[in-house]
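Student:
Protein chains: 2
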Amino acid sequence: MTPIFKVDHTNCQDCPIRHRAVCAHCDADELEELEEIKYYRSFEAGQTIIWSGDQMNFVGSVVSGIASLTQTMEDGRTQMVGLLLPSDFVGRPGREIAPYDVQATTDLVMCCFRKKPFEELMGTTPHIAHRLLQMTLDELDAAREWMLVLGRKTAREKIASLLSIIARRDASISKKGNSGPIVFDLPLTREAMADYLGLTLETVSRQISALKKDQVISLQGKRHVTIPDMGRLMEEAGDDSDGGFLV
Amino acid sequence: MTPIFKVDHTNCQDCPIRHRAVCAHCDADELEELEEIKYYRSFEAGQTIIWSGDQMNFVGSVVSGIASLTQTMEDGRTQMVGLLLPSDFVGRPGREIAPYDVQATTDLVMCCFRKKPFEELMGTTPHIAHRLLQMTLDELDAAREWMLVLGRKTAREKIASLLSIIARRDASISKKGNSGPIVFDLPLTREAMADYLGLTLETVSRQISALKKDQVISLQGKRHVTIPDMGRLMEEAGDDSDGGFLV
DNA sequence: CGAGCATTTGACACATGTCAAGATATGTGG
DNA sequence: CCACATATCTTGACATGTGTCAAATGCTCG
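Residue numbers (the UniProt record's numbering), protein chains in the order written: chain A, 1 to 247; chain B, 1 to 247.
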């Protein structure tokens, strides 16, 4: 059933996330140790990778595709609490039980490590532990940034915030000149966007239509977005338009 | 002006947060190194400890009292993104500029470390780095828990969630038998609660009145709260009442 | 070509925000 | 110790943004 997507590299040296993932700071020796406990897994869009409450017997990195972390209340209300992009880390060393659902939002490849050996490796290779601390602190900042969005922004600002985050990420990968229009594909359905933003999918749809009418964005099809003026979008997001963002 | 509150211990061995803070796993030698770069600072309720955008030249632990992290938009909307209790860590090794305001919500004592030496110590004493990773992962979980509150809960559920968090914390410190009424003082003004919950202070006030009318809570004065039935409160919070909480 | 999703749009309800007044605590100076 | 001044909190009336329910439209893929 599960299709195996191509992993077009075989060793860590050629890995596309080599310099950004949890293994970023590792030297050749350390990589060799990681190679021994790693394996690739592929998931198709929509598949659940880990169920909240499950035993977690691996941790790992997203190699390609997008995954989401979601929490669900008993009555079915759900909130996405994290969006995992290539190089992001999944799982928590030292914890047995998964606290959220992890789902593949798009087709996805993960580089997994068996949990026990990985935890042991953490103790002996400070480079891994240190990198994981950095990444966790970054995620904490991102989560707090998102708390402002959820708690204080209007629906329109929420949509603009989400679009500018995705646009910024795409820009940081494809390194275009930073003026001129930005173009990308939305990797999320309206429902996923709603779950991320704490809105309903109807409100998401309405606000996207409104932004389109006001020419803040334009759409080709449902998913292909063009942003003629990034500064304008960031104003709509309620952020400082001078983009004061520290990477 | 700034009153100096009593710090009734002089060395780390007698410190009330010795076994919970970033130094928890340190052995005697490591503590000695920390002693050399530490100093205490006191703040009175309402004082700002660090302004967003400021240079940060120290990191540290909350010894007593409560601090809050807040983000502010240009038009003045503010969202609290973290509540720091005794033993919680302030600041981020490897970062120059503070991303949020840090304020003393109550009178507060911090155990500060000069940033540079602390960062060096992190490199040489894995116990500190490891503990900081643990604590950061815990904070990340708390932040994500809070994203569900902000994004999906009603005003009444938000208030109940906040009360149950504070109640749970107080219970974990004062270790009462876990049935029977719980009593505590609210350390937050209605406005601070509103900023934490993404509400207005009027809505906070109304919902507290409503919970009081429905006998979920009772008040003696404005700040002194009694919870006759913790399970009931957690139902109101929309959480599983069987308290499925992993410490 | 038709079935099944994803998305858009409309009408209406309701929760929460806004603005304004009063009430209750808290502290200060006479 | 009292009286006033100030901050905090409560309550009311009304406005509005977002949710809910329902139907129509547009895609995608067998």
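For each residue, glycine too, the CB sits at the ideal point set by N, CA and C.
Going along chain A, which residues have a C-beta under 9 Å from B/Pro99?
Tutor: Asp141, Arg144, Glu145 and Leu246, listed in chain order.
Student: Near A/Cys111, what residues of its chain come up, given a Cβ to Cβ distance below 7 Å and the 5 sequence neighbours on each side ignored?
Tutor: Lys38, Tyr40, Gly60, Ser61 and Val63.
Student: Return the Cβ separation of A/Ile217 and A/Leu162 in integer angstroms, given the expectation that the two are a contact with Cβ distance under 8 Å.
Tutor: Their Cβ separation, rounded to whole angstroms, is 11 Å, which puts A/Ile217 and A/Leu162 out of contact at 8 Å.
Student: Beta-carbon of B/Arg41 versus every beta-carbon of chain A: anything under 8 Å?
Tutor: So no, B/Arg41 is outside the interface.
Student: What does A/Gln79 touch in chain B if you count any residue whose Cβ is under 7 Å from its own?
Tutor: Here the neighbours are Met147, Leu148, Gly151 and Arg152.
Student: Between A/Glu96 and the rest of its own chain, which residues show a CB-CB distance below 8 Å, the 5 nearest in sequence each way excluded?
Tutor: The residues are Gln55 and Met56.
Student: Below 7 Å, is the gap between the Cβ of B/Val90 and the nearest heavy atom of the ligand ADP?
Tutor: Among the ligands in the structure shown, none appear at all, so the ligand ADP cannot be discussed.
Student: Taking the straight line between their C-alpha atoms, what separation do you get for A/Cys23 and B/Thr10?
Tutor: Answer to the nearest angstrom: the Cα atoms are 41 Å apart.
Student: Are B/Ile17 and B/Pro86 close, meaning C-beta to C-beta below 8 Å?
Tutor: Cβ distance < 8 Å, so B/Ile17 and B/Pro86 count as in contact.
Student: So with CB distances below 8 Å, who are the chain A contacts of B/Ala129?
Tutor: The answer, in chain order, is Pro126, Ala129, His130 and Leu133.
Student: Based on the DSSP secondary-structure assignment, which residues constitute the bridge partners of A/Leu83?
Tutor: DSSP output for A/Leu83 lists A/Ser68 as bridge partner(s).
Student: Counting Cβ pairs, one atom from each stretch, are 3 or more of them under 8 Å apart for the stretch 131 to 139 of chain A and the stretch 132 to 143 of chain B?
Tutor: The stretch 131 to 139 of chain A vs the stretch 132 to 143 of chain B: in contact.
Student: May I ask which residues mark the beginning and end of the alpha helix (DSSP H) holding A/Val216?
Tutor: Element bounds for A/Val216: n/a, residue is neither H nor E.
Student: Indicate whether A/Val109 and A/Ser205 have their beta-carbon atoms separated by less than 8 Å.
Tutor: Cβ atoms of A/Val109 and A/Ser205: not closer than 8 Å.
Student: If contacts are defined as beta-carbon pairs under 8 Å, then B/Met80 and B/Tyr196 qualify, I think. What distance do you get, rounded to the angstrom?
Tutor: At roughly 4 Å, the Cβ-Cβ gap stays under 8 Å, so B/Met80 and B/Tyr196 are in contact.
Student: Which residues in chain B sit within 8 Å of A/Thr48, going by Cβ to Cβ distance?
Tutor: The premise fails here: A/Thr48 is roughly 18 Å from chain B at the closest Cβ pair, so nothing lies under 8 Å.
Student: With DSSP collapsed to three states, give me the class of A/Lys38.
Tutor: In this structure, A/Lys38 counts as strand in the three-state DSSP scheme.
Student: Reducing DSSP to helix, strand and coil, say where A/Met122 ends up.
Tutor: The answer is helix: DSSP assigns A/Met122 an H, G or I state.
Student: Taking the beta carbon of B/Ala21 as the centre, do at least 16 other beta carbons fall within 10 Å, making it buried, or is it exposed?
Tutor: Per the 10 Å Cβ criterion, buried.
Student: Using a Cβ-Cβ cut-off of less than 7 Å, give me the residues of the UniProt domain "HTH crp-type" (153 to 231) of chain B that come near chain A, in sequence order.
Tutor: For the UniProt domain "HTH crp-type" (153 to 231) of chain B, which is checked against every Cβ of chain A, the residues closer than 7 Å are Gly198.
Student: For a cutoff of 8 Å on Cβ pairs, would you count B/Arg20 as touching chain A?
Tutor: No, B/Arg20 lies away from the interface with chain A (no Cβ there is under 8 Å from its Cβ).
Student: How many angstroms separate the CA atom of B/Ser209 from the CA atom of A/Ala237?
Tutor: C-alpha separation (whole angstroms): 34 Å.
Student: Using the beta-carbon count (16 or more within 10 Å), is A/Glu120 buried or exposed?
Tutor: Exposed, by the Cβ-count rule.
Student: Could you give the first and the last residue of the continuous beta strand (DSSP E) run that contains A/Arg114?
Tutor: From DSSP, the beta strand (DSSP E) with A/Arg114 extends over Leu108 to Arg114.
Student: Mapping the DSSP letters down to three states, classify B/Gly46 as helix, strand or coil.
Tutor: If DSSP states are grouped into helix, strand and coil, B/Gly46 belongs with coil.
Student: Among B/Lys115, B/Thr200, B/Ile165 and B/Gly198, which has the Cα closest to the Cα of B/Asp185?
Tutor: Closest by alpha carbon: B/Ile165.
Student: Grab me the residues of B/Asp239's own chain with a C-beta within less than 8 Å of its C-beta, minus the 5 sequence neighbours each way, in chain order.
Tutor: These residues qualify, in order along the chain: Ser161 and Ser164.
Student: Within the continuous beta strand (DSSP E) that includes B/Asp195, where are the two ends?
Tutor: No beta strand (DSSP E) contains B/Asp195, which is instead part of the alpha helix (DSSP H) from Arg190 to Leu197.
Student: Could you have a look at B/Ala104 and say whether DSSP puts it in helix, strand or coil?
Tutor: DSSP places B/Ala104 in strand when its eight states are reduced to three.
Student: Consult DSSP for B/Ser61 and reduce its assignment to one of helix, strand or coil.
Tutor: B/Ser61 falls in the strand class under three-state DSSP.
Student: Name the residue from B/Leu199, B/Thr189 and B/Met230 whose alpha carbon lies nearest to the alpha carbon of B/Arg223.
Tutor: Residue B/Thr189 is the option with its Cα nearest to B/Arg223.
Student: Could you name the residues of chain B that A/Glu74 contacts, counting a contact when the two beta carbons are closer than 8 Å?
Tutor: Those are Gly238 and Asp240, listed as they occur along chain B.
Student: Please confirm if A/Gly65 has its CB atom under 8 Å from at least one CB of chain B.
Tutor: A/Gly65 does not count as touching chain B.
Student: Taking the alpha-carbon of B/Arg168 as reference, which of B/Ser52, B/Gly231, B/Ala28 and B/Asp107 has the nearest alpha-carbon?
Tutor: For the residues B/Ser52, B/Gly231, B/Ala28 and B/Asp107, the minimum Cα distance to B/Arg168 belongs to B/Gly231.
Student: Would you call A/Trp51 buried or exposed, if buried means 16 or more other Cβ atoms sit within 10 Å of its Cβ?
Tutor: Flag for A/Trp51 reads exposed.
Student: Could you tell me which of B/Gly151, B/Thr200, B/Leu211 and B/Leu199 sits nearest to A/Met193, measuring between CA atoms?
Tutor: Nearest of B/Gly151, B/Thr200, B/Leu211 and B/Leu199 to A/Met193, Cα basis: B/Gly151.
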